[in-house]
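Presented below is the structure to which this report refers.
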Ligand code: PLP
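Numbering (my numbering), first residue to last: 5 to 258.
Here it is as structure tokens:
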């Protein structure tokens with residue numbers, strides 16, 4: 005009897021993010037996304053949230069020491085091919101994560117700069133934005149802000165058209181990330197337009213609008229999917245295109 009060839013091992017992606025008790029966003033959404041896209045998942049939990057679609061009821065932030073301990077335990081054992089960063093909650097967490105990434109240097113880092121929940125709750129303290137800007141952005145391969153997050157990171161008003169989105173993407177590039185995916189999901193545009201801004205230029209991705217109502221976790225799924233495709237060896241623009249297709253397909257089933 006011939007032995008079937010062994011399947012190539014799945015790449016492992018690390019999610020550093022918060023927990024969403026209802027599973028639609030955060031670390032739970034990330035793990036489901038990795039698994040759907042053929043990647044294995046490891047986690048560093050930054051905070052526990054008690055929430056449902058009506059709102060966030062309570063948040064408990066992990067200590068910076070606990071974040072660093074989880075990160076080191078993962079990197080000491082696993083070959084991490086990409087890291088996805090989501091809810092980082094506090095300045096001490098941002099600094100612990102930046103320190104860990106500096107020491108471990110994973111091949112790809114995707115940062116979804118989560119600031120508020122769709123229901124309005126604050127998921128990143130206001131004082132943590134400065135350390136995200138100075139310590140984390142230079143370590144990031146792909147930053148995936150929505151328009152409100154881009155505006156906060158730059159200290160400017162929200163973009164309202166594609167030209168402003170592209171200009172803000174270029175301004176964010178100057179802060180250190182290798183690429184910026186400006187997500188126009190909340191813009192008053194005819195289509196859902198995202199712009200991938202890199203030093204080589206700007207690439208446009210458009211998709212039809214999908215009504216999501218109070219659904220949260222769309223940013224988590226998109227950034228986790230980009231990380232999964234990068235871990236599988238895709239070039240960034242292909243990873244973004246595949247991740248958008250995965251998000252559209254996932255939303256259609258919800
Ligand atoms: N991370 C956690 C733990 C959350 O609870 C949320 C939203 O509630 C998010 C991230 C951000 O979700 P979204 O993808 O809707 O921006």
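Built from N, CA and C at the ideal position, the CB exists for glycine as well.
Asked: Closest residue to residue 167 among 158, 21, 199, 240 (Cα-Cα distance); Found: 199
Asked: Any non-hydrogen atom of the ligand PLP closer than 6 Å to residue 24 Cβ; Found: yes
Asked: Test item: CB-CB of residue 79 and residue 61 under 7 Å; Found: no
Asked: Best match in 143, 176, 145 for proximity to residue 159 [C-alpha to C-alpha]; Found: 176
Asked: Residue 8 versus residue 242: straight-line alpha-carbon distance, rounded; Found: 31 Å
Asked: Bridge partner(s) assigned by DSSP for residue 198; Found: 187, 209
Asked: Candidates 155, 43, 110, of which the one nearest residue 75 by Cα; Found: 110
Asked: Sequence-distant residues of the same chain with beta carbon closer than 6 Å to residue 25, five excluded per side; Found: 54, 55
Asked: Backbone CA spacing between residue 146 and residue 123 [nearest angstrom]; Found: 25 Å
Asked: CB of residue 99 within 7 Å of CB of residue 138, strictly; Found: no
Asked: Where residue 51 falls: helix, strand or coil (DSSP); Found: strand
Asked: Nearest to residue 220 (by Cα), restricted to the options 30, 21, 17; Found: 30
Asked: Residue 225 and residue 33 closer than 7 Å at C-beta; Found: yes
Asked: Backbone secondary structure at residue 82 - three-state DSSP; Found: coil
Asked: Cβ-Cβ separation, residue 90 to residue 151 (assumed contact under 8 Å), whole Å; Found: Not confirmed; about 18 Å, so no contact.
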